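Note that my numbering has the sequence shown beginning at 61, numbered continuously upward.
Even glycine gets a Cβ: it sits at the ideal position worked out from N, Cα and C.
On a predicted model such as this, the values are computed, not experimentally measured, just so you know.
Written out below as structure tokens is the structure these notes cover.
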Amino acid sequence: MDAAGPSPKRRRSASPGVEEDGGCADYISALPDAVLGDIISLLPTKEGARTRILASRWRDLWLSAPLNLDCRELTAGRNEVRSDVVSRILSSHRGPGRRLYINTCIHWILADTVEACLRSAALDNLEELDFINHLLEKPQRALILRFSPTLRVANIGGCNLSDVNFHELHLHFPLLKQLGLVNVMISESSLHSLIAGCPALECLLIDMCSGFRRIRINSPTMRCMAVREYGIPIESLLLEQIVIEKAPCLVRMLFERGSILQVTVLAAPKLETLGFISDKCRSGELSRLMIGSTVLQVCPMASQLHFYAQKNCLSPDLCTGLILWLSYLIKGLCVDNLITVVQTVKILAPDMHNLSLDTVIELMRCFPCLEKLYIQSFQSRPGNLWRRKHRNLLKCFDMSLKTLVLQLYRGKKSQINFLTFFVLNAKVLESVTLGITTRNNNEKFLAKQRRKLELENRVSRDAQFHFRTGSCVRSSYDIKHIGDLDLTDPFAHM
């Protein structure tokens, strides 16, 4: 008689990763310790610590895994207890450091804990640092140099670096790819030395920083840059001018809505995403964007009026009011000098006080390969009539627009005129999204708008039209972290 084969139970236990009782396969436990350590380091701090209760093998994995310490997630308690938790985690950890988030504006983080934390050996080879210091204390130079060889991501906030001479420090961050400066005071020379010391830098965020008037970019690796300026004047120097001297990899350049900046792009051959381009004026200052020989700025007549007002000793408030009135009434944002078009830009977000079809047509002529247009507009200028005015233009103008998003759609006549231009003429249009109020989110209003917009006569039969409540355009305030810049389309709302 042949020998009996192994029982089903025995056969199951012979298969790797399968439990003897016939349960589901445990493929995770079959992974090497190094891989499990990387998985643990990707978990939130609390969840990573809780893996110690899974099994005896996991007990020591968290202590040797790359450390991910987010001080926001620690258990509530007295100041001394919470600080002690941080100290015990750092003193017991045997693995390398991966990420640290520490915020001194949280009252329980004591000053001694902050300094000890930054000096801890557990943070050797740290890769990601989020250091928010709203006390505006001046960090010691040793701490600035502490992580420079290994950092890949740095988000620094609330620090006063005005007395630190980065040029003398010869700072070098060979691996740093993402740099965020939030509410940081730093001199112009130090800022440029810091950027120059990051040869691998890909993403740069300058958020409400002061101490400098100009940013000069000369980087062979930078892919995206975002600037958010102060909306109100303060005593310190504020940013006024950005010059992109040479940025062969720059793809995205983002500004806050209403920014009053003089931006000059000398060499950025891959620039695809641009916004928000503003038509605002403030205290006589005009926004201006120059890409190569192409110049976009607020109507020059507003600048001439400002000179006239100053010459005739008009009050600053009256002067500013006249500028705003003229720029909005006459033209707002305009293409001042269109010698050559910019073929690379495909995503554009203009910030327009008055919705103007003439302005948008000028922008499309300036950026003939434009595929996505995100418009923030608070008012609709009268008219936007186009059937006769732009009849000759339509004979030779081939729009490449595929996506159109308009915030604050209320069904006004000028908005309808604006949109029907694209409904009846944009041949490759794929999607139109209109932001509406909750009050207008009813079938009666929507049916009326579909009829007025002549959707049945749309030239692109595949185009989809969506009405959406709430925000449908991401703004600069949606940028919560330097990592948020690394999006293919930073204006699309998920």
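Using only the alpha-carbon positions, how far apart do residue i and residue j sit?
i: ASN215; j: LEU235; result: 14 angstroms
i: LYS472; j: ALA307; result: 42 angstroms
i: GLN301; j: ILE100; result: 44 angstroms
i: PHE481; j: PHE438; result: 20 angstroms
i: ILE542; j: ASN501; result: 35 angstroms
i: LEU239; j: VAL213; result: 6 angstroms
i: ILE539; j: PHE551; result: 10 angstroms
i: TRP385; j: GLU262; result: Annotation note: pLDDT 41 at TRP385 (below 50); position unreliable, no value reported.
i: SER535; j: LEU515; result: 28 angstroms
i: HIS153; j: ASN414; result: 58 angstroms
i: ARG274; j: PRO156; result: 38 angstroms
i: ARG206; j: ARG179; result: 8 angstroms
i: GLN475; j: LEU91; result: 59 angstroms
i: ASP184; j: GLN524; result: 53 angstroms
i: ARG511; j: THR497; result: 19 angstroms
i: ASP549; j: ARG317; result: 17 angstroms
i: GLU133; j: PRO104; result: 8 angstroms
i: THR529; j: VAL492; result: 14 angstroms
i: ALA256; j: MET459; result: 40 angstroms
i: LEU254; j: ALA260; result: 12 angstroms
i: LEU349; j: TRP446; result: 27 angstroms
i: ASN243; j: LEU321; result: 18 angstroms
i: GLN509; j: GLU503; result: 10 angstroms
State the start and end residues of the unbroken alpha helix (DSSP H) segment that holds residue i.
i: ARG559; result: The requested residue 559 is not part of the displayed model; the chain covers only 61 to 554.
i: ALA94; result: 93–102
i: LEU479; result: 473–485
i: GLU248; result: 248–256
i: THR419; result: 417–426
i: LEU454; result: 451–456
Any idea what DSSP makes of residue i, helix, strand or coil?
i: HIS227; result: helix
i: LEU547; result: coil
i: ASP190; result: strand
i: THR173; result: helix
i: ILE320; result: coil
i: ASN500; result: coil
i: LEU466; result: strand
i: THR529; result: strand
i: GLY352; result: coil
i: HIS553; result: coil
i: ASP522; result: coil
i: GLY271; result: coil
i: ARG179; result: helix
i: ASP120; result: coil
i: LEU331; result: coil
i: ASN278; result: strand
i: ASP411; result: strand
i: GLY108; result: helix
i: VAL146; result: helix
i: PRO376; result: Here the model assigns PRO376 a pLDDT of 48, short of 50, so the residue's position is not dependable, and the following value carries that caveat. DSSP places PRO376 in helix when its eight states are reduced to three.
Do residue j and residue i come within 7 angstroms of each other at the CB atom, strictly closer than that value?
i: LEU545; j: CYS284; result: yes
i: LEU494; j: SER520; result: no
i: SER249; j: SER222; result: no
i: VAL303; j: ARG276; result: yes
i: LEU466; j: ALA486; result: no
i: PHE478; j: ASN452; result: no
i: LEU506; j: PHE527; result: yes
i: LEU298; j: SER270; result: yes
i: PHE226; j: SER208; result: no
i: GLN403; j: CYS429; result: yes
i: SER353; j: SER347; result: no
i: ALA182; j: LEU150; result: yes
i: LEU464; j: VAL483; result: no
i: GLU431; j: LYS406; result: yes
i: ASP418; j: GLN436; result: no
Hey, residue i and residue j are a contact pair by Cβ (cut 8 angstroms); roughly how many whole angstroms apart?
i: ILE192; j: VAL174; result: Contact flag wrong, Cβ pair sits at about 11 angstroms.
i: VAL533; j: TYR469; result: The Cβ separation is near 12 angstroms, so there is no contact.
i: ARG158; j: LEU189; result: The pair is not a contact, with the Cβ atoms about 10 angstroms apart (cut-off 8 angstroms).
i: VAL287; j: PHE315; result: 5 angstroms
i: GLU305; j: LEU326; result: 5 angstroms
i: GLU187; j: THR164; result: Rounded, the Cβ-Cβ distance is 21 angstroms, inconsistent with contact.
i: LEU96; j: LEU121; result: 6 angstroms
Grab the span of the beta strand (DSSP E) containing residue i for me, first residue to last.
i: SER491; result: 491–496
i: GLU305; result: 301–306
i: CYS284; result: 284–288
i: VAL213; result: 213–217
i: GLN239; result: The sequence shown places Leu at residue 239, not Gln. Where LEU239 is concerned, the enclosing beta strand (DSSP E) stretches over 238–242.
i: ASN128; result: 127–130
i: MET313; result: 312–315
i: GLY443; result: Careful: GLY443 lies outside any beta strand (DSSP E) and carries neither H nor E.
Hey, is residue i's beta-carbon within less than 7 angstroms of any beta-carbon in chain C?
i: ILE435; result: This model lacks chain C altogether, as it is built from one protein chain only.
Please indicate yes or no: does the CB of residue i lie closer than 6 angstroms to some heavy atom of the ligand ATP?
i: CYS263; result: Among the ligands in the structure shown, none appear at all, so the ligand ATP cannot be discussed.
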